[in-house]
Amino acid sequence: MELKLGQIIVIGLIVLLVGYVISAYNRLVQLRNQVRNGWRQIDVQLKRRHDLIPNLVESVQGYMSHERETLRQVVEARARAVETEGKGPEEANPAEQLLTGALGRLFALMENYPDLKANQSVANLMEELASTENRIAFSRQHYNDSVMAKNTAVESFPSNIVARLFGFRHATYFEIDTQERAAPQVSLR
0 MELKLGQIIV IGLIVLLVGY VISAYNRLVQ LRNQVRNGWR QIDVQLKRRH DLIPNLVESV
60 QGYMSHERET LRQVVEARAR AVETEGKGPE EANPAEQLLT GALGRLFALM ENYPDLKANQ
120 SVANLMEELA STENRIAFSR QHYNDSVMAK NTAVESFPSN IVARLFGFRH ATYFEIDTQE
180 RAAPQVSLR
């Protein structure tokens with residue numbers, strides 16, 4: 000049986016199409032896994048943040064007896080954020096924004112307490128918390144870069160056809176709100 004030129008061309012095109020679908024699928028899987036890994040990195044840092052907050056609240060409580068409402072808000076916001084541990088950015092983002100706002104108010108109030116700023120354990124906790132916030136920011140940047148790459152692949156032609164065919168969806172960015180962008184600068188020195 001002899002193949003005609005037209006049949007060879009059709010077979011070649013089918014092989015190229017199957018090769019492209021496999022390549023696009025594998026790229027989408029890679030991007031999806033990158034997004035998942037990025038979120039896990041953020042989740043680790045958020046857990047660290049959640050673990051530091053009770054120690055900070057405990058340390059400042061004695062000094063800030065007139066600021067019970069602010070301390071209560073921090074504790075409640077932390078509790079909401081802890082409930083979202085291990086979940087995705089859709090659930091965690093609002094809770095983390097609430098916690099960031101409550102911490103910002105606490106830090107601003109701490110400026111009014113010179114004895115508190117001089118306390119070494121509070122200063123150490125604040126330094127650890129600042130370090131953790133920086134790690135969260137770096138992890139957020141990596142995660143959001145991964146989300147952008149995945150979402151671009153899901154939307155771009157012709158990989159969007161493969162994405163739709165195999166059920167790949169947009170990933171959600173982990174965003175900060177305007178309150179966090181305007182967070183007060185705190186110095187404990």
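Using numbering that gives the first Met the number 0, the letters of the sequence shown correspond one by one to residues 0 to 188. The C-beta atom is built at its ideal place from N, Cα and C for all residues, glycine as well.
For glycine 85, there is no enclosing alpha helix (DSSP H), as DSSP marks it with neither H nor E. Scanning its chain for C-beta atoms nearer than 8 Å, with the 5 sequence neighbours on each side dropped, one finds around serine 158 the residues Ala23, Arg26, Leu27, Ala152, in chain order. Three or more Cβ pairs closer than 8 Å define a contact, and the segment 97 to 109 falls short of that threshold against the segment 29 to 37. With contacts defined as CB atoms closer than 7 Å, serine 145 and glycine 37 qualify as a contacting pair. Threonine 171 and glycine 85 do not touch by the CB rule: their CB atoms are close to 16 Å apart, not below 8 Å.
Sequence-distant partners of asparagine 54 (beyond 5 residues in either direction) whose C-beta falls short of 7 Å from its own C-beta, in its chain, are Leu124.
The continuous alpha helix (DSSP H) containing alanine 23 extends over residues 4 to 60. In the three-state DSSP reduction, arginine 168 falls in the coil class, being neither helix nor strand.
Its Cα nearest to that of alanine 129, the residue Gln44 stands out among Gln44, Lys3, Gly5. Pairing alanine 78 with glutamate 95 gives a Cβ-Cβ distance that is not under 7 Å. Under a 10 Å Cβ-count criterion, glutamate 68 is classified as exposed, with fewer than 16 other Cβ atoms of the shown protein chains found around its own Cβ. DSSP, read as helix, strand or coil, puts proline 113 in helix. Boundaries of the alpha helix (DSSP H) harbouring methionine 147: 119 to 154, taken from the DSSP string. By the beta-carbon neighbour count (other beta carbons within 10 angstroms, threshold 16), leucine 70 is buried.
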